[in-house]
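In terms of numbering that gives the first Met the number 0, the sequence shown opens at residue 0 and continues consecutively. Right, one structure below, let's go through it.
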Amino acid sequence: MVEHLWDLSETDADEQRVLSQKEREFLMTGDSGTYTYAEMERRVATKAAKLSDRIQQLIDDVSLLYYRGNLSGEDVQVWEDLSTINNRSRDVRDSPVARTTHQIPGDETDLGFELGTLIRMIHEEPVPANLVWGTIVGLIGEPSEEWEREAGRLVDLFDQLEDYYEWRLVSAGTQAHEDDGFQEERDEIREILREHEFAPAPPVVDAILEEYTKSGPSGRFETTKKSWQADPSQTEHPTPPDEMPSEAEMRRTTFETIISKFADQTSLPAVDRLAKDLREDAIRIQNREWRGVDPDQAFQLVGRKGEAQIQEFEQTETKGQNNMTTALRRLSNDDSNWVNRPALRENQGEKSLWQFTPYGELLYEARIKHNCSTNWIYEFIINPEQVNEGVYQLISDVLNGS
Numbered sequence: 000m001v002e003h004l005w006d007l008s009e010t011d012a013d014e015q016r017v018l019s020q021k022e023r024e025f026l027m028t029g030d031s032g033t034y035t036y037a038e039m040e041r042r043v044a045t046k047a048a049k050l051s052d053r054i055q056q057l058i059d060d061v062s063l064l065y066y067r068g069n070l071s072g073e074d075v076q077v078w079e080d081l082s083t084i085n086n087r088s089r090d091v092r093d094s095p096v097a098r099t100t101h102q103i104p105g106d107e108t109d110l111g112f113e114l115g116t117l118i119r120m121i122h123e124e125p126v127p128a129n130l131v132w133g134t135i136v137g138l139i140g141e142p143s144e145e146w147e148r149e150a151g152r153l154v155d156l157f158d159q160l161e162d163y164y165e166w167r168l169v170s171a172g173t174q175a176h177e178d179d180g181f182q183e184e185r186d187e188i189r190e191i192l193r194e195h196e197f198a199p200a201p202p203v204v205d206a207i208l209e210e211y212t213k214s215g216p217s218g219r220f221e222t223t224k225k226s227w228q229a230d231p232s233q234t235e236h237p238t239p240p241d242e243m244p245s246e247a248e249m250r251r252t253t254f255e256t257i258i259s260k261f262a263d264q265t266s267l268p269a270v271d272r273l274a275k276d277l278r279e280d281a282i283r284i285q286n287r288e289w290r291g292v293d294p295d296q297a298f299q300l301v302g303r304k305g306e307a308q309i310q311e312f313e314q315t316e317t318k319g320q321n322n323m324t325t326a327l328r329r330l331s332n333d334d335s336n337w338v339n340r341p342a343l344r345e346n347q348g349e350k351s352l353w354q355f356t357p358y359g360e361l362l363y364e365a366r367i368k369h370n371c372s373t374n375w376i377y378e379f380i381i382n383p384e385q386v387n388e389g390v391y392q393l394i395s396d397v398l399n400g401s
């Protein structure tokens with residue numbers, strides 16, 4: 000270590016920065032005790048201002064301990080001990096963060112959740128992408144000569160993160176902890192849906208579970224006899240199988256049959272494809288750019304106004320009309336690599352107007368009103384009576400190619 004880079008006099012390691020017992024009691028109860036309320040407010044404000052110093056001290060201490068090799072050994076198990084910390088932050092949030100049914104369990108997840116929540120309590124603005132990226136590079140970055148190793152680890156990490164993202168997204172809007180006694184069945188249904196390349200959207204999972212547990216016909220599918228039942232026209236008794244399937248095997252077979260019926264007798268395949276297209280585009284449109292033009296901003300303007308002329312887009316004056324037009328057309332072309340399906344159309348007349356296509360209107364619903372979740376799309380086949388009439392017509396139009 001280059002000594003002049005480390006100024007040991009930068010901070011006073013002995014200065015009291017943590018909240019005292021009286022200050023903690025004041026923050027929990029509002030009772031200032033023998034002090035005036037104003038005095039206690041001043042004391043806790045002073046401690047709040049020193050939080051950055053505490054974080055700097057933590058960085059300094061960990062760095063020095065690492066430098067001298069004091070973070071490992073039989074008597075020091077820092078990483079293991081971190082799993083025992085108390086997760087306080089979720090207890091004080093005004094609106095607790097949903098812990099979805101697919102929440103990745105484990106001490107490492109809880110630790111990461113706590114660290115992320117702490118930063119969010121200090122910085123309530125939208126998540127700084129640079130902060131997340133810096134954390135990732137700090138965790139897996141390598142020297143330049145080891146770039147191949149770093150690249151491999153990045154690919155592995157983002158493959159896992161994509162899975163976690165999908166788990167989180169498909170659970171949006173559902174009860175965080177399903178406690179009706181069918182968690183195992185739901186997990187198996189989700190697994191089979193993924194094997195059939197369907198998204199395990201909560202409405203679909205619930206519909207399959209309902210079909211499985213119902214006491215009578217639901218009216219959702221045609222009623223057919225189970226294949227294992229004997230044919231009454233047979234004059235002889237059917238030969239029983241050599242070995243009866245287990246209860247788990249029979250349950251899985253039933254799930255497979257219900258899902259196959261669902262795919263054959265409803266528009267599930269088309270709705271699932273539409274939901275996936277919308278989910279991809281709702282994310283992608285936020286990351287597109289053309290010569291300084293932000294297409295997401297332009298897309299939202301059309302959504303707010305219903306239709307817009309080229310000069311109404313806020314970026315036209317600074318980025319040029321040609322650049323804005325090119326960006327808009329990339330959202331409207333059939334062969335565009337910006338969106339899966341045309342989201343805008345240009346009505347050329349005396350005044351050229353940009354409007355949503357039916358798909359664009361659904362994309363706006365997903366992007367703005369549902370925060371990129373598309374679980375609601377599946378209600379079109381599960382609970383059509385609960386779908387807004389206008390939205391139902393839009394889905395019908397898109398599925399019919401209008």
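Beta carbons: idealized from backbone N, C-alpha and C, even for Gly.
Query                                                                                                                    : Result
Spatial neighbours of Arg-193 in its chain, beta-carbon cut-off 8 Å, leaving aside the 5 residues before and after       : Pro-199
Unbroken beta strand (DSSP E) run spanning Ala-402, endpoints                                                            : Because residue 402 is not part of the residues shown, which for the chain are 0 to 401, the question remains open.
Per-residue DSSP class, three states only, for Thr-234                                                                   : At Thr-234 the pLDDT is 46, less than 50, meaning the model places this residue with poor confidence and gives no usable figure here.
Residue from Phe-181, Gln-56 and Thr-28 whose Cα sits closest to the Cα of Arg-16                                        : Gln-56
Local conformation of Gln-15 per DSSP, three classes                                                                     : coil
Buried/exposed call for Leu-361, threshold 16 Cβ in 10 Å                                                                 : buried
Boundaries (first-last residue) of the beta strand (DSSP E) holding Arg-344                                              : 343-346
As assigned by DSSP and simplified to three states, the class of Asn-352                                                 : One point to set straight first is that residue 352 is Leu, not Asn, in the sequence displayed. Here Leu-352 sits in strand by DSSP.
Start and end residues, alpha helix (DSSP H) containing Glu-185                                                          : As written in the sequence, residue 185 is Arg, which differs from the Glu given in the question. Note, Arg-185: alpha helix (DSSP H), 182-194.
8 Å Cβ cutoff met for Pro-341 and Asp-396                                                                                : no
Gln-347 versus Tyr-363, Arg-328 and Ser-335, residue with shortest Cα-Cα distance                                        : Arg-328
Residue of Phe-261, Ser-62 and Ala-326 minimising C-alpha distance to Glu-209                                            : Phe-261
Beta-ladder partner(s) of Trp-289, from DSSP                                                                             : Val-292
Neighbourhood of Arg-366 by C-beta distance below 6 Å, restricted to the same chain and skipping five residues each side : Ala-281
Residues near Pro-231 by beta carbon distance below 7 Å, same chain, minus five either side                              : Only weak support exists for where Pro-231 lies, its pLDDT of 48 falling under 50; the value from the coordinates is given anyway. Result list for Pro-231: empty, nothing under 7 Å.
As assigned by DSSP and simplified to three states, the class of Trp-132                                                 : helix
Helix, strand or coil at Ala-37 [DSSP, three-state]                                                                      : helix
Cutoff 7 Å; reference Ser-266; Cβ partners in own chain excluding five residues on either side                           : Ile-380 and Leu-398
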